[in-house]
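Reviewing the structure listed below.
2 protein chains.
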Amino acid sequence: MKSGAVSGPSRDAGAPFYDLIELFFFAYRDFVGDADRLLETYGFGRAHHRVLHFVSRQPGLTIAELLDILKITKQSLNRVLKELIAKSFIEARAGAQDRRHRQLFTTAKGSRLARDLALLQTRRFSRAMEGLGPEGRERAMEFLLAMVDPHERGRVMELIGMKSAERRS
Amino acid sequence: MKSGAVSGPSRDAGAPFYDLIELFFFAYRDFVGDADRLLETYGFGRAHHRVLHFVSRQPGLTIAELLDILKITKQSLNRVLKELIAKSFIEARAGAQDRRHRQLFTTAKGSRLARDLALLQTRRFSRAMEGLGPEGRERAMEFLLAMVDPHERGRVMELIGMKSAERRS
DNA sequence: AAAATATGTCAACATTGCTGACGTAATCGG
DNA sequence: CCGATTACGTCAGCAATGTTGACATATTTT
């Protein structure tokens, strides 16, 4: 009788971190809620936001690259991309070298909206940082990066322009 | 020409925190992805998960209380709740004092699934914590709590059983 | 010229949110 | 006791965003 140490599958793994699980849920909900409100005034949803965001951050992105970042199907992407192009928030041009590719760019209007959305969310981060020591920002980034799938971390670090040398001294 | 310092509405607010914005997005996506995979094997989605989770954490919860936590409509809730009850993951009984209320409880099967889901997500947190000093957990909780809407923070702290005295000494 | 690649599009479907309307059971207030 | 309120269930319809599968078109590669 291993005095309570017996376990079925997935038993005895220690107490679940209910607090972190719930905090992550509520924090993310409020975080995306900021953008949702502004997007509504344009008739856009979260899917539009994600597309606009990544195109604005990486002008010249191709469809295939965007699909790889968002991990959705081309049909899902096309639905929202078509609207963003129709409403002149994004422009698509034939690829420079390979004309089969389509390179995506934000228009002036698109850049403005992308920036306004980013600033809204930045404000929430800024306010959160106020209550956390001076290293709050670095700690938060380390935590979030550590939550990303290990095999995706490299790609994410590249995306956000984080050199791997940026881990703590 | 006011030499670049001119600003329209929402200009000049400093550089957006693109890194944090994107990290939060990817971290949350991978976090919920863990549960999604297990839920699929039961034919459930995220909506079912949230209901099961909060009922399991607060047995005896009423419909109204659950609606207030999830902030969805009773029609949306009812759709998934009905399935959870039909498949015997949750039970509803008439309220003890007021029989108009319905009190929700997980069955043994429901508790098991809720715990397995929580443990899956806990494993991701645990692994993330391994790479972050000894205070990683507290820092992460502080950060996430600070990201929650201020007027919701009290309710969330209660929910996760966090005394307000738990802020850092 | 044929094959592979990058993209667009059509159709159908699932999940999960919403609104509005209406029904029923239980409780409360006078 | 009776009417109003409360708590919940349900029906119908719609919207956003994800999915699969099939097929078309343009371009590049082989």
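The listed protein sequences correspond, in order, to chains A and B. Sequential numbering of the first sequence, starting at 4, is according to our numbering. Sequential numbering of the second sequence, starting at 4, is according to our numbering. Think of the CB as a built atom: it goes at the ideal place given N, C-alpha and C, for glycine as much as any other residue.
Query: I93 of chain B - partner residues in DSSP beta bridges; Result: B:T109
Query: Contacts of L55 of chain A in chain B (Cβ-Cβ under 9 Å); Result: Going along chain B, no residue has its Cβ under 9 Å from L55 of chain A, so there is no contact; the nearest lies around 13 Å.
Query: Nearest-angstrom Cβ-Cβ length linking D121 of chain B and Y21 of chain A, presumed shorter than 8 Å; Result: Residue identity differs from the one stated: residue 121 of chain B is Ala in this sequence, not Asp. Confirmed, Cβ separation roughly 7 Å.
Query: Helix, strand or coil at L64 of chain A according to DSSP, with G and I counted as helix; Result: strand
Query: Residues that P19 of chain B contacts on chain A, provided the C-beta gap is smaller than 8 Å; Result: R118, A121, L122, Q124, T125
Query: Cutoff 8 Å: L107 of chain B Cβ touching any chain A Cβ; Result: no
Query: Beta-carbon proximity of A131 of chain B to A38 of chain A, cut-off 8 Å; Result: no
Query: CB of L175 of chain A within 8 Å of CB of V54 of chain A, strictly; Result: Nothing about residue 175 of chain A can be read from this structure; chain A reaches only from 4 to 172.
Query: Buried or exposed (CB count within 10 angstroms, at least 16 for buried), S227 of chain A; Result: The structure shown has nothing for residue 227 of chain A, since chain A only spans 4 to 172.
Query: Near the ligand GDP: A18 of chain B beta-carbon under 7 Å from a heavy atom; Result: As presented, the structure is devoid of all ligands, the ligand GDP included, so that no description of it is given.
Query: Of the listed residues A:P19, A:D71, A:G17, A:L23, nearest to M165 of chain B (C-alpha basis); Result: A:L23
Query: Beta carbon proximity, G134 of chain B to chain A, threshold 8 Å; Result: yes
Query: Partner residues on chain A for I93 of chain B, Cβ-Cβ distance less than 7 Å; Result: By Cβ distance, chain A contributes nothing, its closest Cβ being about 18 Å from I93 of chain B, past 7 Å.
Query: Whole-angstrom distance between R127 of chain B and Y31 of chain B, CA atom to CA atom; Result: 11 Å
Query: Residue-chain proximity (I163 of chain A, chain B), Cβ-Cβ < 8 Å; Result: yes
Query: Minimum Cβ-Cβ distance from E145 of chain B to chain A less than 8 Å; Result: yes
Query: N-terminal and C-terminal residue of the alpha helix (DSSP H) that R32 of chain A is part of; Result: 21-43
Query: Selected residue, minimal CA-CA separation from R105 of chain B, among B:K77, B:L80, B:G139, B:G63; Result: B:G63
Query: Residues from the stretch 66-86 of chain A in contact with chain B, defined by Cβ distance under 7 Å; Result: none
Query: Close-in-space but distant-in-sequence residues of the same chain around T110 of chain B (CB under 8 Å, 5 per side omitted); Result: S91, F92, I93, E94
Query: Beta-carbon proximity check, E155 of chain A vs F29 of chain B, cutoff 8 Å; Result: yes
Query: Beta-carbon proximity check, Y45 of chain A vs L116 of chain A, cutoff 8 Å; Result: yes
Query: Inter-residue spacing [alpha-carbon to alpha-carbon] between I66 of chain A and R103 of chain A; Result: 10 Å
Query: Sub-8 Å separation of F146 of chain A and F108 of chain B beta-carbons; Result: no
Query: Identity of the residue in B:R140, B:E138, B:G157, B:T125 nearest G17 of chain A by Cα; Result: B:T125
Query: Other residues of its chain near F34 of chain A: CB distance less than 7 Å, five sequence neighbours each side excluded; Result: Q124, R127
Query: Contacts that G139 of chain B makes with chain A (C-beta to C-beta distance below 9 Å); Result: R142, E145, F146, A149
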